[in-house]
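Residue numbering for the sequence shown follows our numbering, beginning at 37 and increasing consecutively. Below: the structure, in structure tokens.
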Amino acid sequence: MNRRSIHSIKVISIPNILSIIRITLIPLVLHYYLKGNVIVAGIMLIISALTDAADGFIARKFNQITNLGKVLDAVADKLTQVCVAVVLCLTYTALLPLAFVLAIKEMLMALMGIALLLRGKQPFAARWWGKVATIVFYVAAIAIMLFGHSFAKGSIWGISLTVAILMAYSLIRYYNMLKTQLRGS
């Protein structure tokens with residue numbers, strides 16, 4: 037078997053399937069949330085978060101990292117976060133600053149990835165600060181989705197601000213990596 041056929045076999049992997057499952061869960065989470073069934077929406081978001089953790093673990097542990105998987109994982113992360121933030125803003129306007137920071141972060145991250153690709157370099161793998169921001173986002177979104185009705189308005193603002201700060205910190209760290217990477221070219 038030649039190298040190309042081995043690589044094509046690796047495209048169909050458990051981590052890639054888990055990323056596709058996460059992408060297909062997005063419209064279901066939104067549908068159930070908008071229909072008022074926050075329990076089902078919350079459970080689906082929990083499943084999405086767990087499959088996010090599982091796909092990365094499995095990919096690294098069993099050497100199933102593929103270029104397609106890197107793209108699918110990033111697309112699933114961004115789509116999930118942006119869609120959930122936007123739909124939660126319909127109920128909790130205190131989350132608008134978070135949605136704004138998230139949208140700016142993801143747009144700039146995409147532009148940084150394109151800049152690296154145009155210079156023939158690989159986009160960055162996730163770092164601990166990006167993973168922490170993602171985990172905190174999921175925990176916050178799930179908590180707000182399931183229990184936000186019982187939170188004080190100030191609590192929602194506090195959660196929004198905390199997650200937005202973590203996302204901004206993550207963006208700054210990735211931006212500094214980009215500058216270093218581009219200087220080296």
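The beta carbon of each residue, even a glycine, is placed where N, CA and C say it ideally should be. Quick caveat: nothing in here was measured; it's all calculated off a predicted structure.
Does DSSP put residue i in a helix, a strand or coil?
{"i": "Gly166", "result": "helix"}
{"i": "Lys97", "result": "helix"}
{"i": "Ser49", "result": "coil"}
{"i": "Thr102", "result": "coil"}
{"i": "Gly156", "result": "coil"}
{"i": "Ala188", "result": "coil"}
{"i": "Gly233", "result": "Look at the range of the chain in this structure, 37 to 221, and you will see that residue 233 is not part of it."}
{"i": "Arg39", "result": "Note that Arg39 scores a pLDDT of 49, beneath 50, so its modelled location is shaky; the value from the coordinates is reported in the next line. Helix at Arg39."}
{"i": "Gly220", "result": "coil"}
{"i": "Ala176", "result": "helix"}
{"i": "Ala121", "result": "helix"}
{"i": "Ser44", "result": "Bear in mind that the predicted position of Ser44 carries a pLDDT of just 48, short of 50, making it unreliable; the figure below should be weighed with that in mind. Ser44: helix per DSSP, three-state reduction."}
{"i": "Met203", "result": "helix"}
{"i": "Tyr210", "result": "helix"}
{"i": "Ala112", "result": "helix"}
{"i": "Ala161", "result": "coil"}
Taking the beta carbon of residue i as the centre, do at least 16 other beta carbons fall within 10 Å, making it buried, or is it exposed?
{"i": "Asn222", "result": "The displayed coordinates of the chain run from 37 to 221. Any statement about residue 222 would go beyond what the structure contains."}
{"i": "Ser44", "result": "With a pLDDT of 48 at Ser44, under the threshold of 50, the modelled position of that residue is not reliable, and no figure is offered here."}
{"i": "Met143", "result": "exposed"}
{"i": "Ala177", "result": "buried"}
{"i": "Pro51", "result": "buried"}
{"i": "Thr198", "result": "exposed"}
Just to check my reading of the structure: residue i and residue j have Cβ atoms closer than 8 Å, yes? What is that Cβ distance to the nearest angstrom?
{"i": "Ile59", "j": "Ala112", "result": "5 Å"}
{"i": "Met213", "j": "Phe160", "result": "6 Å"}
{"i": "Met181", "j": "Tyr69", "result": "7 Å"}
{"i": "Tyr211", "j": "Met148", "result": "7 Å"}
{"i": "Ile75", "j": "Leu61", "result": "Not confirmed; about 15 Å, so no contact."}
{"i": "Lys141", "j": "Leu218", "result": "Not really, about 19 Å apart at Cβ, beyond 8 Å."}
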